[in-house]
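Colleague: In my numbering, the protein residues as written are 12 to 266. Below you will find the structure I want to go over with you.
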Ligand SMILES: NC(=O)c1ccc[n+]([C@@H]2O[C@H](COP(=O)([O-])OP(=O)(O)OC[C@H]3O[C@@H](n4cnc5c(N)ncnc54)[C@H](OP(=O)(O)O)[C@@H]3O)[C@@H](O)[C@H]2O)c1
């Protein structure tokens with residue numbers, strides 16, 4: 012009988028946007044399982060330093076890399092830093108996201124490209140540079156998505172479209188990278204009360220609706236998302252390829 016085996020000792024992970032929120036929970040969960048973890052961040056250095064300490068407290072090595080993942084030139088530099096520091100990469104979690112939250116009719120070209128470049132445009136160059144660093148045993152690529160990819164949410168047109176593109180890319184990468192033993196999946200989270208929600212004009216309304224409509228009776232937490240990521244890096248998930256796993260306490264199944 013298969014048992015849960017997720018000993019990541021000797022493995023190296025990169026979590027983009029790993030300094031705060033969901034990314035931090037994923038970084039710490041992977042470190043708990045034994046992986047050394049590089050986190051990437053953009054603006055908040057103190058948060059990144061705090062996460063480095065949390066990773067090190069789990070007995071793992073940590074590295075914080077400042078880079079805007081929406082600028083493709085930064086990607087090879089980031090992967091090179093990991094190669095120099097750790098010499099390998101086994102797990103890539105593409106979690107960093109940004110985006111303009113406005114009604115579709117108020118979005119301009121700059122808003123659209125900013126959102127698409129960071130949320131949808133990053134996974135491809137990240138994978139292209141990360142996979143060569145993954146050894147003959149392959150590795151794991153996990154993208155963090157949201158329910159806006161499959162549902163219509165007020166003020167979410169640009170981000171929702173970017174996440175739909177992201178999930179499609181996950182399927183195509185999964186198809187092409189399976190022969191190299193690289194599993195590629197996405198984890199799509201329900202409403203999680205992180206700093207990201209402060210940018211929503213209707214934050215309070217969203218949180219109330221999520222609390223009321225989630226069948227499990229509580230909001231999804233960063234740890235819930237991190238658990239699913241860890242599962243996808245485990246031996247039990249070896250036949251899961253190209254999927255988007257929804258972690259939302261059943262919020263999205265409700266009629
Ligand atoms: N919160 C939710 O309800 C929810 C629901 C579903 C899915 N998600 C997804 O979960 C992921 C994480 O969201 P979160 O709520 O944890 O967000 P968050 O708390 O706002 O954290 C965002 C993280 O991404 C980093 N970041 C932002 N833009 C970046 C860029 N251009 N380059 C590099 N790093 C960048 C931030 O670093 P700095 O602090 O240094 O800027 C921070 O570490 C995203 O993909 C989001 O779409 C969130």
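Yeah, the Cβ is synthetic: ideal placement off N, Cα and C, and Gly gets one too.
#1: Hey, out of 185, 201, 134, whose CA is closest to residue 194's CA?
#2: Going along the chain, which residues of its own chain have a beta-carbon closer than 7 Å to the beta-carbon of residue 59, five neighbours each way excluded?
#3: Less than 7 Å separating the Cβ of residue 167 from some heavy atom of ligand 1?
#4: Leaving out five residues on either side along the sequence, give the residues of the same chain with a beta carbon under 6 Å from the beta carbon of residue 34.
#5: With residue 259 as the anchor, note down where its beta strand (DSSP E) starts and where it stops.
#6: Which residues in the same chain have their Cβ closer than 6 Å to the Cβ of residue 8, if we skip the five residues on either side of it in sequence?
#7: If we count the other Cβ atoms within 10 Å of its Cβ and call it buried at 16 or more, is residue 120 buried or exposed?
#8: Distance check for residue 38 and residue 68, CA to CA, integer angstroms please.
#9: Using DSSP's beta-bridge definition, name the partner residues of residue 105.
#10: Is the beta carbon of residue 40 closer than 8 Å to that of residue 240?
#11: Cβ of residue 208 within 7 Å of any heavy atom in ligand 1?
#12: Would DSSP call residue 49 helix, strand or coil?
#13: Determine whether the Cβ of residue 97 lies closer than 8 Å to any Cβ atom of chain B.
#14: Got a sec: does ligand 1 put a non-hydrogen atom nearer than 7 Å to the Cβ of residue 51?
#15: Could you name the residues that DSSP lists as bridge partners for residue 25?
#16: Rounded to whole angstroms, what is the Cα-Cα separation between residue 153 and residue 244?
#17: For ligand 1, is there any heavy atom lying closer than 7 Å to the beta carbon of residue 200?
Modeller: Reading off the structure:
#1: 185
#2: 30, 50, 52, 75
#3: no
#4: 26, 28, 106
#5: Unbroken run through residue 259: none, as it is neither H nor E.
#6: Summary: the structure shown does not reach residue 8, with the chain confined to residues 12 through 266, and so no result is reported for it.
#7: exposed
#8: 12 Å
#9: 154
#10: yes
#11: yes
#12: strand
#13: The structure shown contains no chain B; it holds only a single protein chain.
#14: yes
#15: 49, 103
#16: 9 Å
#17: yes
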